[in-house]
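Enquirer:
2 protein chains.
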Amino acid sequence: MTLKRSWVESANAPQTDFPLNNLPYGVFSEASGGKRCGVAIGDQILDVAGMEAQGLIDFGGALQTGAWNTFMEKGSQAWASLRTTLTEMLAEGSSGQDSLAALMVPMADARLHMPFFVTEFTDFYASRNHATNVGTMFRGPENALPPNWLHIPIGYNGRASSVVIDGTDIIRPHGQLKGPNDTVPRFAPSARFDFELEMGAIVGRASDGPISVDQAFENIFGYVILNDWSARDIQAWEYQPLGPFQAKATATSISPWIVTAAALEPFRVSTPEREFDLLPHLQDTGPMLYDIDLEVGLAPEGQAETVIARTNYREMYYSSAQQLAHHTTSGCPMRVGDLLGSGTISGPEKQSRGALLELAWGGKEPITLDGGEDRSFLHDGDTLTLRGAAVGDGFRVGFGACAGKLLPAKV
Amino acid sequence: MTLKRSWVESANAPQTDFPLNNLPYGVFSEASGGKRCGVAIGDQILDVAGMEAQGLIDFGGALQTGAWNTFMEKGSQAWASLRTTLTEMLAEGSSGQDSLAALMVPMADARLHMPFFVTEFTDFYASRNHATNVGTMFRGPENALPPNWLHIPIGYNGRASSVVIDGTDIIRPHGQLKGPNDTVPRFAPSARFDFELEMGAIVGRASDGPISVDQAFENIFGYVILNDWSARDIQAWEYQPLGPFQAKATATSISPWIVTAAALEPFRVSTPEREFDLLPHLQDTGPMLYDIDLEVGLAPEGQAETVIARTNYREMYYSSAQQLAHHTTSGCPMRVGDLLGSGTISGPEKQSRGALLELAWGGKEPITLDGGEDRSFLHDGDTLTLRGAAVGDGFRVGFGACAGKLLPAKV
Chain A
2 MTLKRSWVES ANAPQTDFPL NNLPYGVFSE ASGGKRCGVA IGDQILDVAG MEAQGLIDFG
62 GALQTGAWNT FMEKGSQAWA SLRTTLTEML AEGSSGQDSL AALMVPMADA RLHMPFFVTE
122 FTDFYASRNH ATNVGTMFRG PENALPPNWL HIPIGYNGRA SSVVIDGTDI IRPHGQLKGP
182 NDTVPRFAPS ARFDFELEMG AIVGRASDGP ISVDQAFENI FGYVILNDWS ARDIQAWEYQ
242 PLGPFQAKAT ATSISPWIVT AAALEPFRVS TPEREFDLLP HLQDTGPMLY DIDLEVGLAP
302 EGQAETVIAR TNYREMYYSS AQQLAHHTTS GCPMRVGDLL GSGTISGPEK QSRGALLELA
362 WGGKEPITLD GGEDRSFLHD GDTLTLRGAA VGDGFRVGFG ACAGKLLPAK V
Chain E
2 MTLKRSWVES ANAPQTDFPL NNLPYGVFSE ASGGKRCGVA IGDQILDVAG MEAQGLIDFG
62 GALQTGAWNT FMEKGSQAWA SLRTTLTEML AEGSSGQDSL AALMVPMADA RLHMPFFVTE
122 FTDFYASRNH ATNVGTMFRG PENALPPNWL HIPIGYNGRA SSVVIDGTDI IRPHGQLKGP
182 NDTVPRFAPS ARFDFELEMG AIVGRASDGP ISVDQAFENI FGYVILNDWS ARDIQAWEYQ
242 PLGPFQAKAT ATSISPWIVT AAALEPFRVS TPEREFDLLP HLQDTGPMLY DIDLEVGLAP
302 EGQAETVIAR TNYREMYYSS AQQLAHHTTS GCPMRVGDLL GSGTISGPEK QSRGALLELA
362 WGGKEPITLD GGEDRSFLHD GDTLTLRGAA VGDGFRVGFG ACAGKLLPAK V
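Each protein sequence line maps, in turn, to chains A and E.
Heads up, the first sequence is in the numbering used here, so the first residue is 2 and it goes up one at a time.
Heads up, the second sequence is in the numbering used here, so the first residue is 2 and it goes up one at a time.
#1: In three-state terms, what does DSSP make of A/Asn149?
#2: Specify the secondary structure class of A/Gly51 as computed by DSSP and reduced to three states.
#3: From the DSSP output, in three-state form, read off E/Ser128 for me.
#4: On the DSSP bridge assignment, give the partners of A/Asp229 in chain order.
#5: Could I get the ranges of all uninterrupted alpha helix (DSSP H) runs contained in the stretch 145 to 215 of chain E, with 4 residues as the minimum, in chain order?
#6: Which of the three DSSP states is assigned to E/Asp44 in this structure?
#7: Give the C-beta separation of E/Ser127 and E/Glu31 to the nearest angstrom, bearing in mind that I take them to be a contact with Cβ-Cβ under 8 angstroms.
#8: If you follow the beta strand (DSSP E) that A/Asn313 is part of, which residue opens it and which one closes it?
#9: Within the continuous alpha helix (DSSP H) that includes A/Glu359, where are the two ends?
#10: Have a look at E/Phe396 and E/Glu366 and give me their C-alpha separation to the nearest angstrom.
#11: Give the straight-line distance between the Cα atoms of E/Ala109 and E/Ser353, rounded to the nearest whole angstrom.
#12: Is there a Cβ of chain E sitting closer than 8 angstroms to that of A/Thr3, yes or no?
#13: Can you give me the Cβ contacts of A/Leu370 inside the same chain, cut-off strictly under 6 angstroms, excluding the 5 residues immediately before and after it?
#14: If contact means a Cβ-Cβ distance below 9 angstroms, which residues of the stretch 312 to 342 of chain A contact chain E?
#15: If you follow the beta strand (DSSP E) that A/Arg354 is part of, which residue opens it and which one closes it?
#16: Just to make sure I have the definition right: I need the residues of chain E whose C-beta is within less than 8 angstroms of the C-beta of A/Gly159. Which are they?
#17: Counting only C-beta atoms, is A/Ala300 closer than 8 angstroms to chain E at any point?
#18: What whole-angstrom Cβ distance do E/Gly201 and E/Leu340 have, given they're in contact under 8 angstroms?
#19: Which residues of chain E have a Cβ atom closer than 8 angstroms to the Cβ of A/Gln177, listed in chain order?
#20: Please list the partners that A/Ala232 has in chain E, where partner means a Cβ-to-Cβ separation under 8 angstroms.
#21: Going by the C-beta, is A/Trp230 closer than 7 angstroms to any heavy atom of the ligand FMN?
#22: Under the rule that 16 or more other beta-carbon atoms within 10 Å means buried, what is A/Asp383, buried or exposed?
#23: For the alpha helix (DSSP H) containing E/Glu89, name the first residue and the last one.
#24: Which first and last residues belong to the alpha helix (DSSP H) in which E/Thr71 is found?
#25: Would you check if the stretch 261 to 275 of chain E and the stretch 209 to 224 of chain E touch, i.e. whether three or more CB-CB distances between them fall below 8 angstroms?
#26: Going straight from the alpha carbon of A/Pro20 to that of A/Ser254, what length do you get?
#27: So what does DSSP say about A/Glu374, is it helix, strand or coil?
#28: Residues of chain A with CB closer than 9 angstroms to the CB of E/Leu357, please, in chain order.
#29: Does any residue of chain E have a CB that is nearer than 8 angstroms to the CB of A/Tyr126?
#30: Beta-carbon within less than 7 angstroms of A/Phe218's beta-carbon, same chain only, minus the 5 sequence neighbours each way: which residues are those?
#31: Anything in the stretch 236 to 251 of chain E with a Cβ closer than 9 angstroms to a Cβ of chain A? List those residues in chain order, please.
#32: Looking only at its own chain, which residues have a Cβ that is under 6 angstroms from the Cβ of E/Met138, when we skip the five neighbours before and after it?
#33: Are the beta-carbon atoms of E/Gly401 and E/Asp48 separated by less than 8 angstroms?
#34: Contact defined as beta carbons within less than 8 angstroms: I believe A/Ile166 pairs with A/Leu113. What is the distance between those atoms, to the nearest angstrom?
#35: According to DSSP, simplified to helix, strand and coil, what is E/Ile235?
#36: Answer yes or no: does any C-beta atom of chain A fall closer than 8 angstroms to that of E/Pro349?
Right under this line is the structure:
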């Protein structure tokens, strides 16, 4: 877990998200020209579409498609091959510098796009602290954890069409609202609009029947940071009996770079000890979570940002591999590009909670920002920025930002 | 509402599902050759991919793609144009016979495939009788209808990857089960596997923000019959608090022909009178349901079929247009190929219930098949066949069959 040095000098800086150890996959465009597959290295993007066009690598044109799905479909040998080649050619002292220098695009000059086509999106509910906090607010402390929660990773199907990339503005949604004291519902902008700090796992290999936890772990190509924007008041009225629907359909933001499972390999950690053993088909077979520091910044319109939460992905009760294995138990086919949200990641401390609903306890304990303003839920003009990195010795495998600004509801 | 006569003689028979009035869109292949877009007429399939290849029609190659999505994307003028052209060329006395006769493929010689790529799948819960029956079983008669039910069309996101075509075998799923008297859950094959009789509405035009009920009605390209296979025991354990997940992910079967909204136009009927007015954004603006007779046949392995339910799509409380409009309230983007299940269609009589759960009242009142066997839930080897047609004067606009056979769980 030490820094691998690169001839791209900016990749050796301790604060960069993108050292040679990382090599995350994204899609970018320049002022002119279309979408191209690229790899982040320091403050540069290596144009791997250009590499393939020049014959330096060959994945059958998979890197010419403006998305990483086709490359993922090539399978794990291709995944390993590209990573090995890039690691060698970008290493300090490599002769790769001669051929690759002309294929570097400064990140500052590029626009980033969705790194992959989201086939379907599933969201889980897998942090014990989050489930306990939310359950306590909704059902009281005795009934906080639903009876199934310690036995299966509870999840629901979300909406792939509303997944957007970092930097996309979010419009405050309308919805049907009915407070506990209202006699009839009304149609109005959500007044309790919130974020949820999550990791997203990307399925890189299709399956057509039940798969084991081990197989599921192998099928996950990589991870992004994910913000599952949530309208709590819409959810409260709609979610019984069939679960959240429009409350979660406005948008889900993801960070722009797919950090591969290979890059995260040195940071694997185990799930927590369990009160009940999981049934055999869901049991851990090794450390399948990752030690990833996460934080949430909130900046009101025209003001500086306050970091309102810090937590870690290792707080989850279920790994993405367990969630993916559970997802297939009924025979559900999974496809390349399926995105699995981890569920909100909340730690045990008040400052480690991954949603305003928990941080401000349903509005009862508003948080105070550095500029003096209070927040129970998001205000128009607020920009939320999620960040995360697995931290090594003098380097970090980072995800880039997952930011979004909340715009007022449309009239 | 009288029969339009065609020079394809089998299309004039009163019992055919596919008279000239219908012209539904499917995808077929012959013993050799790939998938082709086709139109059902009597017992024949008109090879419209071949028509386009020969220059008889021109939709920019949309009919060469082996799916109807690209054609749908061409928009409502293209939809009307193709229907008008086919109606003219297939009419009795038309000179179209000269050019089209060679493009006819006997249905008996063709294999049918998914008529469109399912982008995302959403399932609703919109028959009052069904919701009341199920609610009574789960929560007692006083709490049968959830409080939101009369105000919004309750729905949840389903799984597009598990949508399959008529004739696809269904494997009984495994899942986590826990009966009310069990202390711990176990992993076993579902013992309460069921069907749900629904209609599926296909979105033919994308939208990127809230749309009105009128716009939603215009955006629906056509309909199929849909069987939302359901594992009731998996659902009972998993569905709180986030809704059904693996219980509904084994498979959803659809009939092979997209019956267009244009073909169903003469059969429009209104939703029922309402106890509470809907909020303005969901109000009916005209008759947007259809008078479609539906039936369910169940054939045990090697035995004759018993028709176990007969109902009608007009029993719904919400139209697909209302469901689609609701789906967009939060800003959720909809895409061409999105499939919306109506929800189980149950009428007021016992024999008009659209699921075994209701027909056999949760196992308390098993139904008896003609051959003498009882059924509370499906047995291995059972073949379920859903059928439907809008019935005119001496003709029917039919959907073909939506059948599936239940195979034993894998060991």
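Note that CB positions come from ideal geometry on N, CA and C, so glycine has one too.
Fair warning: this is a prediction, and the values are worked out from it, not measured in the lab.
Expert: According to the data block:
#1: coil
#2: helix
#3: strand
#4: A/Thr253
#5: none
#6: coil
#7: According to the sequence as given, residue 127 of chain E is Ala; it is not Ser. In fact, because the Cβ distance is near 39 angstroms, the residues do not count as touching under 8 angstroms.
#8: Thr307 to Asn313
#9: Leu357 to Leu360
#10: 37 angstroms
#11: 32 angstroms
#12: no
#13: Thr307
#14: His327, His328, Thr329, Thr330, Ser331, Gly332, Cys333, Pro334, Met335, Arg336 and Asp339
#15: No beta strand (DSSP E) contains A/Arg354, which DSSP labels as neither H nor E.
#16: Asn158
#17: no
#18: 5 angstroms
#19: Asn149, His152, Ile153, Leu280 and Thr330
#20: Ser331
#21: The ligand FMN is not among the ligands present in this structure, which contains no ligands whatsoever.
#22: buried
#23: Ser77 to Leu91
#24: Asn70 to Glu74
#25: yes
#26: 24 angstroms
#27: coil
#28: None at all; the shortest Cβ gap to chain A is about 18 angstroms.
#29: yes
#30: Met289 and Ala322
#31: Trp238, Glu239, Tyr240, Gln241, Pro242, Leu243, Gly244, Pro245, Phe246, Gln247, Ala248, Lys249, Ala250 and Thr251
#32: Gly363
#33: no
#34: 6 angstroms
#35: helix
#36: no
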